[in-house]
Amino acid sequence: MSNIYANIKGFFAPSVVDGRLNPVSLALATRFYYIQSRIFRIHDRFGFFSPIPRLQIDEVAVLFVAVFFVLHVAFYGALIVFFLSLGDEDDKTAKMLDEALIWLLLSISPLVVMWILMCFNTQRAPDYIWEDWKVRTE
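Residue numbers for the sequence shown follow the numbering used here, beginning at 57 and rising by one.
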């Protein structure tokens, strides 16, 4: 149980501590990048994760926010559909499907915008210089 607590505490720690990257976030980011590039074969330019370790830490934080957002959207979308189904039987199904489709489109559009912004992020450039972290040359 203490190992789970330590990992959760490590995940919410700052990205850079004493010039070193957060090891929990870096382990997650490295694994997600492996899945994206080796298993799904998504090119780095279009993928959610980049090969740069410092940027991967930030991308894990963005992924966490995105998953949190999607879970909330799914929960509230299910509530909307449930409450729409409690109405009268006249044209209930068509109205319920229309409302669910509008809710789905409105909820997915911020995720699409976030992915587009991440694809064109200037920090993905190989020659980008990070202010708070330097690569070790030991």
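All C-beta atoms, glycine included, are put in the ideal place defined by N, C-alpha and C.
Quantities reported herein were computed from a predicted structural model and do not represent experimental measurements.
For A117, which residues from the same chain have a beta carbon less than 8 Å from its beta carbon, with the 5 sequence-adjacent residues on both sides left out? Taking the first residue of the sequence shown as position 1, residue 117 is located at position 61. Result list for A117: S71 and S81, in chain order.
C-beta contact flag for A83 and Q112 at 8 Å: To locate residue 83, count along the sequence shown from 1; it is residue 27. To locate residue 112, count along the sequence shown from 1; it is residue 56. The Cβ atoms of A83 and Q112 do not sit closer than 8 Å to each other.
Are at least three pairs of beta-carbons, each pair with one atom in the region 132-144 and one in the region 100-114, less than 8 Å apart? Look at the beta carbons and you see the region 132-144 not touching the region 100-114: under three pairs across the two are nearer than 8 Å.
Contact set for A122: own chain, Cβ-Cβ below 8 Å, skip 5 residues either direction: Along the sequence shown, read from residue 1 onward, the residue named residue 122 stands at position 66. Here the set comprises L167 and M170.
Which residues does DSSP pair with L77 in a beta bridge? The sequence position of residue 77 within the sequence shown is 21, counting from 1. Answer is V72, bridged to L77.
Any alpha helix (DSSP H) of 4 or more consecutive residues that is wholly inside the region 93-145: As far as the region 93-145 is concerned, its whole alpha helix (DSSP H) runs of at least 4 residues are 109-141.
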